[in-house]
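Line by line, the protein sequences are chains A and B.
Residues in the first sequence are numbered from 2 upward in steps of one, following this note's numbering.
Residues in the second sequence are numbered from 2 upward in steps of one, following this note's numbering.
2 protein chains.
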Amino acid sequence: MTDKPTIGYIGLGLMGKPMALNILKSGYPVVVHNRSKEAVQDLVEQGANAANSPKEVAEQSDVIFTNLPDSPDVEMVALGENGIIEGASAGNIFVDNSTIKPASARLIAEKLFEKDVSCLDARVSGGDIGAINGTLTIMVGGPEEAFQRVLPIFKVIGKSITHIGEAGTGQITKCANQIMVAAQMVAMGELLILAKKAGADPQKVAEAIKGGAAQCWSLDVKTPRLFDGNRQPGFKAYMQAKDLGIVMDTAKQYGVPLPSTASNTQLFNSMLELGMENLDNSAVVGVIEMLANANLLD
Amino acid sequence: MTDKPTIGYIGLGLMGKPMALNILKSGYPVVVHNRSKEAVQDLVEQGANAANSPKEVAEQSDVIFTNLPDSPDVEMVALGENGIIEGASAGNIFVDNSTIKPASARLIAEKLFEKDVSCLDARVSGGDIGAINGTLTIMVGGPEEAFQRVLPIFKVIGKSITHIGEAGTGQITKCANQIMVAAQMVAMGELLILAKKAGADPQKVAEAIKGGAAQCWSLDVKTPRLFDGNRQPGFKAYMQAKDLGIVMDTAKQYGVPLPSTASNTQLFNSMLELGMENLDNSAVVGVIEMLANANLLD
Numbered sequence: 002m003t004d005k006p007t008i009g010y011i012g013l014g015l016m017g018k019p020m021a022l023n024i025l026k027s028g029y030p031v032v033v034h035n036r037s038k039e040a041v042q043d044l045v046e047q048g049a050n051a052a053n054s055p056k057e058v059a060e061q062s063d064v065i066f067t068n069l070p071d072s073p074d075v076e077m078v079a080l081g082e083n084g085i086i087e088g089a090s091a092g093n094i095f096v097d098n099s100t101i102k103p104a105s106a107r108l109i110a111e112k113l114f115e116k117d118v119s120c121l122d123a124r125v126s127g128g129d130i131g132a133i134n135g136t137l138t139i140m141v142g143g144p145e146e147a148f149q150r151v152l153p154i155f156k157v158i159g160k161s162i163t164h165i166g167e168a169g170t171g172q173i174t175k176c177a178n179q180i181m182v183a184a185q186m187v188a189m190g191e192l193l194i195l196a197k198k199a200g201a202d203p204q205k206v207a208e209a210i211k212g213g214a215a216q217c218w219s220l221d222v223k224t225p226r227l228f229d230g231n232r233q234p235g236f237k238a239y240m241q242a243k244d245l246g247i248v249m250d251t252a253k254q255y256g257v258p259l260p261s262t263a264s265n266t267q268l269f270n271s272m273l274e275l276g277m278e279n280l281d282n283s284a285v286v287g288v289i290e291m292l293a294n295a296n297l298l299d
Numbered sequence: 002m003t004d005k006p007t008i009g010y011i012g013l014g015l016m017g018k019p020m021a022l023n024i025l026k027s028g029y030p031v032v033v034h035n036r037s038k039e040a041v042q043d044l045v046e047q048g049a050n051a052a053n054s055p056k057e058v059a060e061q062s063d064v065i066f067t068n069l070p071d072s073p074d075v076e077m078v079a080l081g082e083n084g085i086i087e088g089a090s091a092g093n094i095f096v097d098n099s100t101i102k103p104a105s106a107r108l109i110a111e112k113l114f115e116k117d118v119s120c121l122d123a124r125v126s127g128g129d130i131g132a133i134n135g136t137l138t139i140m141v142g143g144p145e146e147a148f149q150r151v152l153p154i155f156k157v158i159g160k161s162i163t164h165i166g167e168a169g170t171g172q173i174t175k176c177a178n179q180i181m182v183a184a185q186m187v188a189m190g191e192l193l194i195l196a197k198k199a200g201a202d203p204q205k206v207a208e209a210i211k212g213g214a215a216q217c218w219s220l221d222v223k224t225p226r227l228f229d230g231n232r233q234p235g236f237k238a239y240m241q242a243k244d245l246g247i248v249m250d251t252a253k254q255y256g257v258p259l260p261s262t263a264s265n266t267q268l269f270n271s272m273l274e275l276g277m278e279n280l281d282n283s284a285v286v287g288v289i290e291m292l293a294n295a296n297l298l299d
């Protein structure tokens, strides 16, 4: 027995796997479950226990994390057959790191509340690099008491952790985050291709502007990858498009027109049609390349 | 006599005045000229000489800077009656810190070249804060030899100085810069109002996301001002709109569609119609407030 709570982690993808690993490495007992067994095996080799279903994870855990692609996935894992709801007991905390529809998050929270399980919507930002290094930004909505109990675990996976407010505000913050990330990625694509076609070395241009008012994470972190010809994720374009769909739905729900994000959403949606869905979100520069009949690296 | 070259500075506005002052403070003889005499008087009190026309400035200077609102202003000051061209002599260098149309910049460069005067297009970014603190980002196009001669002066007014390439590339880099700055400002406005109307504290939301992939200069520098209720420039909205007009013209000239910047340009153009033209560029949040019938600080 350890005095540390047992952590369940369901969804060992590009983000979830390194996050679960960081929790494991800092001494928490960890129980994992994932559709693909390879990631489970890697975690088990480092000391995690494997469970056969979300229900089993919940039975063995005090705090259950999920990190899944989309709303239906989280609903199924939380509320479906052999889901968390069947294994969770009073006092457990459910923490969702996925980015999903507010309506789904509310449904799950209501159902789990009936079993006396608290829910935190804990959206993360910072990409695979942040997940691996344990430097994610974590935006949390939900009850203060549950937040305080999970905070030591958040500190293992993230660097900047903010409790925004009541349930759903983590989701709203993630929407806010994606508005800015999408804007930076698209602007980066536009400015690099303009520089290219206008005969100014795009690499020098990026270098020059990132020390000033244009400074941002995207220029700092993503331009070196793009100039290396690397458009691999990172954060996949189809996830960016999915998140922006949630942003636009949420904005409509609350009566906020988003002219710029609406336009950016269309460009990420194009990536799905153009076979770029599994590239990094910074690869939206490829859409601008197509529009301008240009190639960044030519 | 001093061994330092004499610097002329024409256009002592929000940016030009502190830049001229920093050059003066670092020991260069400075000759100034400005339409409004108040700024001239301030500089003279600190040791600058006043000249009655751009021509007179050029007669007394080795390197002549201009920092003016728009293309016609720079054309008039450089090439018009009593303009720089009438007073400049062979070996002088003309440095334009304004953001103007590439066609104007080319015209001026050609005319001055006939008098053996080199031209640098040295666009700056970093706002009034950067101008005052001498921490501007300077993006320079033009001949290498002229760049090297002016570099010590650039170092007095800026922190990050990059020689991009041949004439015009400073201008292209400034376009690239404005694409990103506009994107950040608009995205900031959209995300703050979404947070507000969705019931998440916008200040906490901004705090939460600025440590992650959304990190950028605008969130770092502008949100504290906005939450203080301060929408004063900084960098005026009508200048942002003017610069974006140049960006869109330049992009069209080089055959680069800019879907996101086109949309952002419309929002800044709205500010001119809405009486927000003299507010800071971050006050574009006011357009989103109007669209969403909301108030950030209510």
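All C-beta atoms in this analysis are idealised placements derived from N, C-alpha and C, irrespective of residue type, glycine included.
Take A:Gly28 as the anchor and find which of A:Gln216, A:Pro19, A:Thr7 has the nearest alpha-carbon. If you number the first sequence from 1, residue 28 of chain A lands on position 27. The shortest C-alpha separation from A:Gly28 is found at A:Thr7.
DSSP bridge partner residues for B:Val141 (one or two, in chain order): On the second sequence, position 140 is the one that residue 141 of chain B refers to. Answer by DSSP bridge pairing, in chain order: B:Ala123, B:His164.
Which residue marks the beginning of the alpha helix (DSSP H) containing A:Val96, and which one marks its end? Sequence index remark: in the first sequence, residue 96 of chain A carries index 95 (1-based). Run containing A:Val96: none in the alpha helix (DSSP H); it sits in the beta strand (DSSP E), 94-97.
Classify B:Phe114 as buried or exposed, calling it buried when 16 or more other Cβ atoms lie within 10 Å of its own Cβ. Numbered from its first residue, the second sequence carries residue 114 of chain B at position 113. By the neighbour-count criterion, in which a residue is buried when 16 or more other Cβ atoms sit within 10 angstroms of its Cβ, B:Phe114 is exposed.
Taking only the alpha-carbon atoms, compute the straight-line gap between A:Met125 and B:Ala21 and give it to the nearest angstrom. Against the first sequence, residue 125 of chain A aligns to sequence position 124. Against the second sequence, residue 21 of chain B aligns to sequence position 20. A quick correction: the sequence has Val, not Met, at residue 125 of chain A. C-alpha separation (whole angstroms): 45 Å.
At 7 Å on the CB atoms, spell out the chain A contacts of B:Pro258, in chain order. Position 257 of the second sequence holds residue 258 of chain B. Listed along chain A, the residues sitting closer than 7 Å to B:Pro258 by beta-carbon distance are Leu292, Ala293.
Hey, how far is the Cα of B:Leu192 from the Cα of A:Asn178? Here the question's residue 192 of chain B lines up with position 191 in the second sequence. Here the question's residue 178 of chain A lines up with position 177 in the first sequence. Rounded to whole angstroms, the gap between the alpha carbons of B:Leu192 and A:Asn178 is 8 Å.
Given a cut-off of 9 Å on the beta-carbon distance, is the pair A:Lys237 and A:Asp281 in contact? Position 236 of the first sequence, counted from the first residue, corresponds to residue 237 of chain A. Position 280 of the first sequence, counted from the first residue, corresponds to residue 281 of chain A. Contact flag set, yes.
List the whole-angstrom C-beta distance separating A:Met189 from A:Ser219, where the pair is believed to meet the contact cut-off of C-beta under 8 Å. By one-based count along the first sequence, residue 189 of chain A stands at place 188. By one-based count along the first sequence, residue 219 of chain A stands at place 218. Contact flag correct, Cβ pair sits at about 5 Å.
Of the residues B:Cys217, B:Gly213, B:Gln185, which one's Cα is nearest the Cα of A:Gly159? Within the first sequence, the letter at position 158 stands for residue 159 of chain A. Selected option, being the one with the closest Cα: B:Gly213.
For B:Asn1, decide whether its Cβ has a neighbour in chain A, counting only Cβ atoms nearer than 9 Å. This structure gives no information on residue 1 of chain B, because the portion of chain B shown stretches from 2 to 299.
Measuring only the C-alpha atoms, how far is B:Asp71 from B:Met16? Sequence index remark: in the second sequence, residue 71 of chain B carries index 70 (1-based). Sequence index remark: in the second sequence, residue 16 of chain B carries index 15 (1-based). Approximately 14 Å, taken between the alpha carbons.
Are the stretch 228-244 of chain B and the stretch 269-279 of chain B in contact at 8 Å, needing three or more beta carbon pairs? With a cut-off of 8 Å, the stretch 269-279 of chain B and the stretch 228-244 of chain B count as touching, because enough Cβ pairs lie within range.
Beta strand (DSSP E) containing A:Ile8: first to last residue? On the first sequence, residue 8 of chain A is found 7 positions in, with the first residue counted as 1. First-last of the beta strand (DSSP E) with A:Ile8: 8-11.
Establish whether the CB of A:Met2 and some CB of chain B are separated by less than 9 Å. What you label residue 2 of chain A is simply residue 1 of the first sequence in a count that begins at 1. With a pLDDT of 45 at A:Met2, under the threshold of 50, the predicted position of this residue should be treated as unreliable, though the coordinate-derived value follows. A:Met2 does not count as touching chain B.
Could you tell me whether any Cβ in chain B is nearer than 9 Å to the Cβ of A:Leu268? Here residue 268 of chain A refers to the residue found at position 267 when the first sequence is read from its first residue. For A:Leu268, the answer is yes, since a Cβ of chain B falls inside 9 Å of its Cβ.
I'd like to know whether the C-beta atoms of B:Val222 and B:Ile180 end up nearer to each other than 9 Å. For the purposes of this step, residue 222 of chain B is taken as the residue at position 221 of the second sequence. For the purposes of this step, residue 180 of chain B is taken as the residue at position 179 of the second sequence. No, the Cβ-Cβ distance between B:Val222 and B:Ile180 is not below 9 Å.
By DSSP, does A:Asn50 sit in helix, in strand, or in coil? As a first step, residue 50 of chain A is located in the first sequence; it is residue number 49 there, counting from the start. Note: A:Asn50 maps to strand in three-state DSSP.
Give the interface partners of B:Thr138 over in chain A, defined as CB-CB distance under 9 Å, in chain order. For the purposes of this step, residue 138 of chain B is identified with residue 137 of the second sequence, where counting begins at 1. In chain order: Ala209, Ile210, Lys211, Gly212, Gly213, Ala214, Ala215, Gln216.
Sheet register partners of B:Cys217 (DSSP bridge): The sequence position of residue 217 of chain B within the second sequence is 216, counting from 1. DSSP, once it has assigned bridges, lists A:Cys217 as partnering B:Cys217.
Report yes or no: is there a C-beta of chain B within less than 9 Å of the C-beta of A:Val151? If you number the first sequence from 1, residue 151 of chain A lands on position 150. For A:Val151, the answer is no, since every Cβ of chain B falls outside 9 Å of its Cβ.
For B:Met2, the three-state DSSP class (helix, strand or coil): The sequence position of residue 2 of chain B within the second sequence is 1, counting from 1. With a pLDDT of 45 at B:Met2, under the threshold of 50, the predicted position of this residue should be treated as unreliable, though the coordinate-derived value follows. DSSP, read as helix, strand or coil, puts B:Met2 in coil.
Length of the line joining the Cα atoms of A:Met291 and B:Gly14: Along the first sequence, one-based indexing puts residue 291 of chain A at 290. Along the second sequence, one-based indexing puts residue 14 of chain B at 13. When rounded, the distance between both Cα atoms is 41 Å.
Any C-beta of chain A sitting closer than 9 Å to the C-beta of B:Lys198? Taking the first residue of the second sequence as 1, we reach residue 198 of chain B at position 197. At a cut-off of 9 Å between beta carbons, B:Lys198 contacts chain A.
Just to confirm the assignment, what range does the alpha helix (DSSP H) spanning A:Ile133 have? Translated into positions along the first sequence, residue 133 of chain A becomes position 132. A:Ile133 -> alpha helix (DSSP H) spans 128-134.
Return the chain-ordered list of same chain residues with a C-beta closer than 6 Å to the C-beta of A:Met2, the five sequence neighbours on each side being excluded. Within the first sequence, the letter at position 1 stands for residue 2 of chain A. With a pLDDT of 45 at A:Met2, under the threshold of 50, the modelled position of that residue is not reliable, and no figure is offered here.
With the cut-off set at 9 Å, would you say A:Lys197 and A:Ala295 are in Cβ contact? Counting from one through the first sequence, the residue named residue 197 of chain A turns up at place 196. Counting from one through the first sequence, the residue named residue 295 of chain A turns up at place 294. Taking the C-beta atoms as reference points, A:Ala295 is found nearer than 9 Å to A:Lys197.
Three or more C-beta pairs under 8 Å: does that hold for the stretch 82-94 of chain A against the stretch 50-59 of chain A? With a cut-off of 8 Å, the stretch 50-59 of chain A and the stretch 82-94 of chain A count as touching, because enough Cβ pairs lie within range.
Would A:Gly230 be called buried (16 or more neighbouring beta carbons within 10 Å of its own) or exposed? Here residue 230 of chain A refers to the residue found at position 229 of the first sequence. So A:Gly230 ends up on the exposed side.
To the nearest angstrom, how far is it from the Cα of B:Gly135 to the Cα of B:Leu297? As a first step, residue 135 of chain B is located in the second sequence; it is residue number 134 there, counting from the start. As a first step, residue 297 of chain B is located in the second sequence; it is residue number 296 there, counting from the start. So the alpha carbons of these two residues sit roughly 32 Å apart.
Compare the C-alpha of B:Glu76 against each of B:Ile94, B:Pro55, B:Asn93, B:Val64 and name the closest. One-based indexing of the second sequence puts residue 76 of chain B at position 75. Selected option, being the one with the closest Cα: B:Pro55.
In this structure, how does DSSP classify B:Ile158 when only helix, strand and coil are distinguished? Locating residue 158 of chain B in the second sequence gives position 157, where the first residue counts as 1. Helix, per DSSP.
Under three-state DSSP, which class holds A:Met291? The sequence position of residue 291 of chain A within the first sequence is 290, counting from 1. Reduced to three states, the DSSP call for A:Met291 is helix.
Within 9 Å (strictly less), CB to CB, does A:Thr224 reach chain B? Translated into positions along the first sequence, residue 224 of chain A becomes position 223. By this cut-off, A:Thr224 is not an interface position.
Can you pull the DSSP bridge partners for B:Thr262? The count along the second sequence starts at 1 and reaches residue 262 of chain B at position 261. Note: B:Thr262 sits in no beta bridge, so no partner.
Compute the Euclidean distance between the alpha carbons of B:Pro260 and A:Thr251, then round it to the nearest angstrom. As a working mapping, residue 260 of chain B is identified with position 259 in the second sequence. As a working mapping, residue 251 of chain A is identified with position 250 in the first sequence. The straight-line gap separating the alpha-carbon atoms of B:Pro260 and A:Thr251 is approximately 23 Å.
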